[in-house]
Amino acid sequence: METELDPMKDDLPLMANTSYMLVKHYVLDLDVDFKGKVIEGSIVLFFETGRQYRKTSSAGKECCQSQFDETCEMRASEPGHIPVINVSTCSSETEYNDFAVSGKEEETTSDKNSNHSNNEKASGISSSKDRCDVENHGNQDFLLVLDCCDLSVLKVEEVDVAAVSGIEKFTRPAKLTGVSQELENLRNQIVHELVTLPADRWKEQLHYFTHCSQAPGCGELLFSTGTWSLEIRKSGIQTPADFPHAIRIWYKTKPEGRSVTWTTDQSGRPCVYTMGSPINNRALFPCQEPPIALSTWQASVRTAAGFVVLMSGENSAEPVQLPEGILSWYYYVSMPMPASTFTIAVGCWQEVKQQSFKQTAAIETDTEFSLSSSQTDCRWHEEICGHVEYPCRFQNPAARLQAVIPYRVFAPWCLMESCEEYLLQLIPQCLSAAYATLGTHPFSRLDVLIVPSNFSSLGMASPHIIFLSQSVLSGGSHLCGTRLCHEIAHAWFGLAIGARDWTEEWISEGFATFLEDIFWARAQQLSHDETKGQQELKALLRWRRLRDEVQNSEEELQVLRPKKESTGELSESGASVVKYGLKAEKIFMQVHYLKGYFLLQHLARTIGEVSYLASLRKFVVKFHGQLVLSQDFLSMLLEDVPKQKGSGLTVESIFQNWLDTSGIPKPLLEEGETWKECQLVQQVSGEVTKWIQTNRRIRKSSKKKMKQDEVVFQQV
Numbered sequence: 001m002e003t004e005l006d007p008m009k010d011d012l013p014l015m016a017n018t019s020y021m022l023v024k025h026y027v028l029d030l031d032v033d034f035k036g037k038v039i040e041g042s043i044v045l046f047f048e049t050g051r052q053y054r055k056t057s058s059a060g061k062e063c064c065q066s067q068f069d070e071t072c073e074m075r076a077s078e079p080g081h082i083p084v085i086n087v088s089t090c091s092s093e094t095e096y097n098d099f100a101v102s103g104k105e106e107e108t109t110s111d112k113n114s115n116h117s118n119n120e121k122a123s124g125i126s127s128s129k130d131r132c133d134v135e136n137h138g139n140q141d142f143l144l145v146l147d148c149c150d151l152s153v154l155k156v157e158e159v160d161v162a163a164v165s166g167i168e169k170f171t172r173p174a175k176l177t178g179v180s181q182e183l184e185n186l187r188n189q190i191v192h193e194l195v196t197l198p199a200d201r202w203k204e205q206l207h208y209f210t211h212c213s214q215a216p217g218c219g220e221l222l223f224s225t226g227t228w229s230l231e232i233r234k235s236g237i238q239t240p241a242d243f244p245h246a247i248r249i250w251y252k253t254k255p256e257g258r259s260v261t262w263t264t265d266q267s268g269r270p271c272v273y274t275m276g277s278p279i280n281n282r283a284l285f286p287c288q289e290p291p292i293a294l295s296t297w298q299a300s301v302r303t304a305a306g307f308v309v310l311m312s313g314e315n316s317a318e319p320v321q322l323p324e325g326i327l328s329w330y331y332y333v334s335m336p337m338p339a340s341t342f343t344i345a346v347g348c349w350q351e352v353k354q355q356s357f358k359q360t361a362a363i364e365t366d367t368e369f370s371l372s373s374s375q376t377d378c379r380w381h382e383e384i385c386g387h388v389e390y391p392c393r394f395q396n397p398a399a400r401l402q403a404v405i406p407y408r409v410f411a412p413w414c415l416m417e418s419c420e421e422y423l424l425q426l427i428p429q430c431l432s433a434a435y436a437t438l439g440t441h442p443f444s445r446l447d448v449l450i451v452p453s454n455f456s457s458l459g460m461a462s463p464h465i466i467f468l469s470q471s472v473l474s475g476g477s478h479l480c481g482t483r484l485c486h487e488i489a490h491a492w493f494g495l496a497i498g499a500r501d502w503t504e505e506w507i508s509e510g511f512a513t514f515l516e517d518i519f520w521a522r523a524q525q526l527s528h529d530e531t532k533g534q535q536e537l538k539a540l541l542r543w544r545r546l547r548d549e550v551q552n553s554e555e556e557l558q559v560l561r562p563k564k565e566s567t568g569e570l571s572e573s574g575a576s577v578v579k580y581g582l583k584a585e586k587i588f589m590q591v592h593y594l595k596g597y598f599l600l601q602h603l604a605r606t607i608g609e610v611s612y613l614a615s616l617r618k619f620v621v622k623f624h625g626q627l628v629l630s631q632d633f634l635s636m637l638l639e640d641v642p643k644q645k646g647s648g649l650t651v652e653s654i655f656q657n658w659l660d661t662s663g664i665p666k667p668l669l670e671e672g673e674t675w676k677e678c679q680l681v682q683q684v685s686g687e688v689t690k691w692i693q694t695n696r697r698i699r700k701s702s703k704k705k706m707k708q709d710e711v712v713f714q715q716v
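Here the sequence shown stands for residues 1 to 716, numbered as in the UniProt record's numbering.
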């Protein structure tokens, strides 16, 4: 039976059985209802048969069936088990929606039947209702498992992609005899040909994805929902290869859903946005959450006039006017990424426009500065990319020379002036500095949005869009610039290069924290001594934060590679867990930022910054568009700088000292006091002492008026 998960303490389950069916593309068609605080509509998923099933089925379907019989009581997360349900063992009170069998109208499909409460079984975890019956194994149906939470699923149906006009170009010659199985094979063949089109036909692919998503349904599928998943089956279909490869799910979110937050902006207008929930996007749409499920997407979102829809998309969407004052917004991406990176924000955002020639001139100046710094990277771009095929900017000569990608800034009306004063000045400088450091921008454009005041972080990066807290505006250009640099760095580390195992989030946050200092120093065009002083001051402040966090947090949460040798391993079905992913205190911890930053700083100091940054650029060129583990980076770095092997610096020693243990790493303990000797640190310490003394004096003599020139403060 299922082990109940404490949503505030335990691991985050990734339930999707990606080893058997892997989603390649999503098409979302949604309406945003601010009055009801729901997003509703449909999503069409296009699949490929998973590599695990292709591997096991190469020896014949009998091989797969024998595995079921031998492991009939195994959980879905254990080797050798393809999730199935034995129709003959289902009780009369079956958890599966009976719409397709009974012929009831959609309106009568109650939430009780289609979306079960949290105390019911979670998909893929065995119970008495989905055990195998060896004697009746012929009745076993394949079970597709998707990650899903806090959604009301209304209907699931197969999509008749064969009905699309012109789709015959994707079919091989076949003898259609009118048998339903052969028609099913034809539909799956069409989907296979469509999802495997070469990158230079991406526009044609997108066109047919759109039309296929609008094709009629050709049969409803049985489904049930659990705490963390949506299970779908088709009666009589026993293998992933025969399961429909294009399905449409009609659903709506719930106001209390944890993937989006409904609130008001700083001007008091209603809005909704994805705020980086620990459960990711599974309460926004049914999906495959494991990072391995790299997919593309497109979305049409309708909302009332006056609202602006921003989203992770390559295009700068312009609204289409529909009847009754409705606007429709359309976005798409052609670079496959995890579904967790999908982001949406709907509100009465105002675009902050450029106002002066001076700013435009600054962009041109920064661009020229960056080009000269990145020309040495061009030789790496001539290599063949290692990722799955997509229209890659690293292979685009024009993109390789683009120091500043097109950008827009959006904010509530009341914050437009602050955004114009700071953000519009800083974005081109920071983009140019990032380009000077790492080379080609992985994404073609950027939107920056100042999100509502309930946003719990300083920033969040997603493909083509960055969320920033209003707090960065009040900190002036320095706080705004450093945070902007941090989020821009995620375009390379966290998005273009992702962690294969989400427990290794230091690969994203550690790199972004390290690179924000490099980017910001270049954006300010600081001298070598100024850069060193600023970075040593930040290092000291970070060291103190890390020390305090280590002293006041659980040891198990301080480990950057908590799964150690098991990092990156998946179950036979593809399901896994994110260790400690739902622990409430983890949301507020910075250990992955700080220990990751200090590891990278330690490596840069050991190797030499010039050689280290050259290795970073090489790593980006080799691994962009892919998922990595810690050892991928560390192995390449040490191979690129072979002299370090003689010094005892190895992947194993780095694991032992930095990634696999709690507390402050031993090498860092030796460096902790050295930053105090920095001149800028001493200057800041002196100013802080003045403030403390002045504050005490004010408290003691609150009734006495102090002289204006009693204490002279400096700007540091």
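All C-beta atoms in this analysis are idealised placements derived from N, C-alpha and C, irrespective of residue type, glycine included.
Small disclaimer: the values here were computed from a predicted structure and weren't measured.
Assuming Gln-288 contacts Asp-147 (C-beta within less than 8 Å), just tell me the rounded distance between them. 6 Å
Can at least three beta-carbon pairs, one atom from the region 564-571 and one from the region 598-614, be found at a separation below 8 Å? no
Let me check understanding here. Comparing Cα to Cα, which of Gln-470, Leu-446 and Arg-445 lies closest to Ser-456? Gln-470
Which residues in the same chain as Ile-237 place their Cβ atom closer than 7 Å to its Cβ, once the five residues preceding and following it in sequence are excluded? Asp-141, Phe-142 and Phe-243
Just verifying my parser: in three-state terms, what is the DSSP assignment at Pro-255? coil
Could you check what DSSP says for Ile-664 in three-state terms: helix, strand or coil? coil
Identify, in the order they occur along the chain, each residue of the same chain with its Cβ nearer than 6 Å to the Cβ of Gly-41, setting aside the five sequence neighbours on each side. Asp-29, Leu-30 and Asp-31
Which residue comes first and which comes last in the beta strand (DSSP E) that contains Pro-311? For clarity, residue 311 is Met in the given sequence; the question names Pro instead. Where Met-311 is concerned, the enclosing beta strand (DSSP E) stretches over 308-311.
Would you identify the three-state DSSP class for Cys-271, choosing helix, strand or coil? strand
Enclosing alpha helix (DSSP H) for His-592 [first to last residue]: 591-607
Note down the Cα distance separating Gly-325 from His-592, rounded to an integer number of angstroms. 46 Å
Close-in-space but distant-in-sequence residues of the same chain around Asp-640 (CB under 6 Å, 5 per side omitted): Ser-615
What are the complete beta strand (DSSP E) segments, minimum 3 residues, inside the region 502-576? none
Relative to the alpha-carbon of Gln-298, which residue among Arg-400, Thr-503, Ile-292 and Asn-315 has its alpha-carbon at the smallest distance? Asn-315
Note the first and the last residue of the continuous alpha helix (DSSP H) segment covering Trp-202. 202-213
By how many angstroms is the C-alpha of Glu-48 removed from the C-alpha of Leu-186? 14 Å
Closer than 8 Å is the cut-off here; do at least three beta carbon pairs connect the region 156-170 with the region 200-216? yes
For Leu-627 and Ile-384, believed in contact at Cβ under 8 Å, the rounded distance: 18 Å between Cβ atoms; not a contact.
According to the Cβ coordinates, are residue 722 and Val-308 closer than 9 Å? The chain is shown from 1 up to 716; residue 722 falls before or after that span and cannot be answered.
Distance between beta carbons of Ala-411 and Ile-465, contact taken as under 8 Å: That belief does not hold up - the Cβ atoms of Ile-465 and Ala-411 are roughly 13 Å apart, past 8 Å.
Kindly indicate which three-state DSSP category His-25 falls into: helix, strand or coil? strand
Simplified DSSP state of Ala-433, which is helix, strand or coil: helix
Is it true that the CB of Ala-434 sits closer than 9 Å to the CB of Trp-492? yes
Enclosing alpha helix (DSSP H) for Asp-632 [first to last residue]: 630-640
Could you give the residue range of the alpha helix (DSSP H) that holds Ala-399? 397-400
Residue span of the alpha helix (DSSP H) that contains Leu-322, given as start and end: Premise fails: Leu-322 lies in the beta strand (DSSP E), 320-322, not in any alpha helix (DSSP H).
Go ahead and label Arg-699 buried or exposed: buried means 16 or more other beta carbons lie within 10 angstroms of its beta carbon, across all protein chains shown. exposed
Short Cβ contact (9 Å threshold) for Leu-637 with Leu-668: no
Contact between the region 536-554 and the region 653-665: three or more CB pairs below 8 Å? yes
Using the beta-carbon count (16 or more within 10 Å), is Asn-280 buried or exposed? buried
Separation of Pro-397 from Phe-519, as counted between CA atoms: 23 Å
CB-CB under 7 Å to residue 727, same chain, minus the five flanking residues each way: which ones, in chain order? The requested residue 727 is not part of the displayed model; the chain covers only 1 to 716.
Where does Met-413 fall in DSSP's three states? It is worth fixing the name first, because residue 413 is Trp in this sequence and not Met. Note: Trp-413 maps to helix in three-state DSSP.
Host beta strand (DSSP E) of Arg-302 (start-end): 295-304
Could you check where the alpha helix (DSSP H) with Ser-474 kicks off and where it finishes? 471-474
Given this structure, state the Cα-to-Cα distance separating Leu-310 from Ser-432, to the nearest angstrom. 24 Å
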